[in-house]
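**Q**
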Amino acid sequence: AKLTVDSASIKEYGARGVANTTLDAAGSAWKITGKNSGTILTVGFSNNNMSRGHGAQMWNGRSWFTFDTNAPLDIVTIGAQNIPPDTYPITVDVVGYQP
């Protein structure tokens with residue numbers, strides 16, 4: 001999946017995965033479940049995005065990774081996984097950020 005935040009007024013945004021199971025405090029990796037199969041996959045922000053990101057910031061008691069606006073954020077599977085055909089809903093919280 002790919003997310004792009006376009007804005008002329010903000011330069012950065014924060015993003016974190018939303019799921020029952022997040023794998024780190026900042027929500028950069030999380031588990032999703034197939035609607036029909038119940039298969040659980042591990043997904044997260046790509047290594048390329050993480051290396052171009054601006055690190056974690058704290059808002060409202062939660063840690064968020066920040067990224068440049070107008071640059072795509074890739075959400076990818078993490079590790080080798082057996083992925084049967086299904087619908088895998090992905091939810092990401094996004095907030096505008098002014099450094």
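Position one of the sequence shown corresponds to residue 1 (full-length UniProt numbering), numbered consecutively onward. By construction, the Cβ of each residue, glycine as well, lies at the ideal position given by its N, Cα and C atoms. As the structure is a computational prediction, the values presented were derived from the model and not from experiment.
Which stretch, first to last residue, makes up the alpha helix (DSSP H) that contains SER63?
**A** For the purposes of this step, residue 63 is taken as residue 63 along the sequence shown, with counting starting at 1. Element bounds for SER63: not the alpha helix (DSSP H) but the beta strand (DSSP E), 62-68.
**Q** Determine the contact status of ILE90 and VAL43, defining contact as a CB-CB distance below 8 Å.
**A** Indexing the sequence shown from 1 puts residue 90 at position 90. Indexing the sequence shown from 1 puts residue 43 at position 43. Yes, they are a contact pair.
**Q** So, using beta-carbon positions, are THR21 and LYS11 closer together than 8 Å?
**A** By 1-based counting over the sequence shown, the position of residue 21 is 21. By 1-based counting over the sequence shown, the position of residue 11 is 11. The answer is no: Cβ separation not under 8 Å.
**Q** Give every residue of the same chain whose Cβ lies closer than 7 Å to the Cβ of ASP6, excluding the five residues on either side of it in the sequence, and list them in chain order.
**A** Against the sequence shown, residue 6 aligns to sequence position 6. Contacts found: THR69 and ASN70.
**Q** Which residue spans inside the UniProt domain "Saf-pilin pilus formation protein" (1-99) form an unbroken beta strand (DSSP E) run of at least 3?
**A** 12-17, 29-33, 40-45, 56-59, 62-68, 73-77 and 92-97
**Q** Quick check: what's the CA-CA separation for ILE78 versus LEU23?
**A** As a first step, residue 78 is located in the sequence shown; it is residue number 78 there, counting from the start. As a first step, residue 23 is located in the sequence shown; it is residue number 23 there, counting from the start. So the alpha carbons of these two residues sit roughly 11 Å apart.
**Q** Can you grab the Cα-Cα spacing for the pair ALA26 / ARG62, in whole Å?
**A** Here residue 26 refers to the residue found at position 26 when the sequence shown is read from its first residue. Here residue 62 refers to the residue found at position 62 when the sequence shown is read from its first residue. Approximately 7 Å, taken between the alpha carbons.
**Q** Within this structure, are the beta carbons of ASP86 and ARG16 separated by less than 8 Å?
**A** By 1-based counting over the sequence shown, the position of residue 86 is 86. By 1-based counting over the sequence shown, the position of residue 16 is 16. Not closer than 8 Å, so no.
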